[in-house]
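Numbering (the UniProt record's numbering), first residue to last: 1 to 301.
This is the structure:
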């Protein structure tokens with residue numbers, strides 16, 4: 001950090017900005033609830049600090065020197081940034097802000113524009129911040145709650161189930177039209193898209209569907225489900241759809257499910273929050289809304 005001793009005191013800068021903007025020491029004193037003498041002293045101290053004149057003093061008015069005019073632009077921008085940051089950290093908007101940690105796939109495909117729009121319309125006083133661990137270390141993400149994929153068995157937290165997922169192949173209508181997918185064995189002619197990190201994948205579904213002649217390890221692997229669904233929607237490959245994440249795309253026709261076999265998943269999405277409950281009432285309100293719209297349930301502690 002640069003040496004802050006070179007910077008003049010903030011009260012000098014406030015006096016300078018007010019006097020320069022109002023073009024009057026008297027009006028600046030009234031605005032800042034100070035005496036005119038105090039404003040004048042701050043300005044003199046600031047000019048002495050920089051060893052240059054910031055104002056030209058006339059009998060009945062003041063005007064900025066060239067240096068004063070240039071400095072005014074800088075000071076006003078700095079004060080504005082300080083005001084914005086102060087409001088973000090300590091203001092009412094900060095108290096209404098809630099932070100949710102989770103997967104990009106859930107935020108993009110379940111908490112989509114439609115659902116997020118509904119919540120924002122019903123709760124215009126709440127500011128939402130969604131965080132993933134793509135741009136920061138997981139341990140550095142501070143959140144009021146988390147959306148986590150798994151079996152719901154984590155020590156030291158409350159876990160509320162948000163999905164009852166089944167797994168089944170999905171593809172774009174364009175892909176199905178160009179290369180038939182009338183029976184499971186047709187999958188051998190398509191790229192299978194895999195998502196790393198899930199307990200169940202193509203191997204489990206193909207076994208469930210009785211397709212023993214297809215190599216489940218073939219295909220392209222990704223570390224995020226959002227990448228896979230984006231490619232599938234674009235017409236590349238076949239992926240295992242998880243009902244909670246592809247339900248809307250199936251409804252709108254962006255994706256189709258060519259086969260009826262659906263494997264019950266042993267893992268699901270869960271809402272994770274502290275064992276002691278929510279200290280932020282706005283976070284609890286969002287959590288209640290989330291559970292209600294995801295599974296029609298109620299949040300209990």
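Think of the CB as a built atom: it goes at the ideal place given N, C-alpha and C, for glycine as much as any other residue. Owing to the predicted nature of the structure, the values given are computational and were not obtained by experimental measurement.
Query raised in the report: Considering only residues of the same chain and omitting the five flanking positions on each side of residue 214, which have a CB-CB separation below 6 Å?
Result: On the chain shown, position 214 is the one that residue 214 refers to. Same-chain partners within the cutoff: 187, 188, 206.
Query - Reference residue 173, options 120, 275, 231, 75, closest by Cα - result: As a working note, residue 173 is residue 173 in the chain shown. Measuring from the Cα of residue 173, the nearest candidate turns out to be 231.
Query - Three-state secondary structure (DSSP) of residue 240 - result: As a working mapping, residue 240 is identified with position 240 in the chain shown. Here residue 240 sits in strand by DSSP.
Query raised in the report: Secondary structure at residue 270, three-state DSSP: helix, strand or coil?
Result: Residue numbering aside, residue 270 sits at position 270 when the chain shown is read from its first letter. In the structure shown, residue 270 sits in a strand (DSSP, three-state: E or B).
Query raised in the report: Where does residue 43 fall in DSSP's three states?
Result: Locating residue 43 in the chain shown gives position 43, where the first residue counts as 1. Three-state DSSP puts residue 43 in a helix.
Requested in this report: Given a cut-off of 8 Å, decide if residue 102 and residue 147 are closer than it, judged by their beta-carbon atoms.
Outcome: Indexing the chain shown from 1 puts residue 147 at position 147. Indexing the chain shown from 1 puts residue 102 at position 102. Their beta carbons are under 8 Å apart, which means residue 147 touches residue 102 by this criterion.
Report task. State buried or exposed for residue 253, treating a residue as buried only when at least 16 other CB atoms are found within 10 Å of its CB. Result -> By one-based count along the chain shown, residue 253 stands at place 253. Exposed, by the Cβ-count rule.
Query raised in the report: Where in the segment 62-90 do unbroken runs of the alpha helix (DSSP H), each at least 4 residues long, occur, reported from the N-terminal end onward?
Result: 66-90
Query raised in the report: What are the complete beta strand (DSSP E) segments, minimum 3 residues, inside the segment 11-58?
Result: 55-57
Query raised in the report: By Cβ distance, which residues of its chain are closer than 7 Å to residue 76, with the 5 residues on each side in sequence left out?
Result: Counting from 1 along the chain shown, the entry for residue 76 is found at position 76. Once the five neighbours on either side are set aside, the close Cβ partners of residue 76 are 17.
Query raised in the report: Excluding the five sequence neighbours on either side, which residues of its own chain have a C-beta within less than 6 Å of the C-beta of residue 257, listed in chain order?
Result: The sequence position of residue 257 within the chain shown is 257, counting from 1. Answer for residue 257: 168, 170, listed in chain order.
Requested in this report: Could you name the residues of the same chain whose beta carbon sits closer than 7 Å to that of residue 65, not counting the 5 residues immediately before and after it, in chain order?
Outcome: Indexing the chain shown from 1 puts residue 65 at position 65. Excluding positions up to five away in sequence, the list reads 53, 54, 55, 56.
Report task. Answer yes or no: do residue 255 and residue 166 have a C-beta to C-beta separation smaller than 8 Å? Result -> In the chain shown, the residue the question calls residue 255 occupies position 255. In the chain shown, the residue the question calls residue 166 occupies position 166. No. Outside cutoff.
Query - Backbone CA spacing between residue 109 and residue 83 [nearest angstrom] - result: Counted from its first residue, the chain shown places residue 109 at position 109. Counted from its first residue, the chain shown places residue 83 at position 83. Rounded to whole angstroms, residue 109 to residue 83 spans 36 Å at the Cα level.
Query raised in the report: With C-beta atoms as the reference, is residue 225 less than 8 Å away from residue 195?
Result: To locate residue 225, count along the chain shown from 1; it is residue 225. To locate residue 195, count along the chain shown from 1; it is residue 195. Cβ distance < 8 Å, so residue 225 and residue 195 count as in contact.
Query raised in the report: What separation, rounded to the nearest whole angstrom, lies between the Cα atoms of residue 68 and residue 24?
Result: The residue you call residue 68 lines up with position 68 of the chain shown. The residue you call residue 24 lines up with position 24 of the chain shown. Their Cα atoms are separated by approximately 14 Å.
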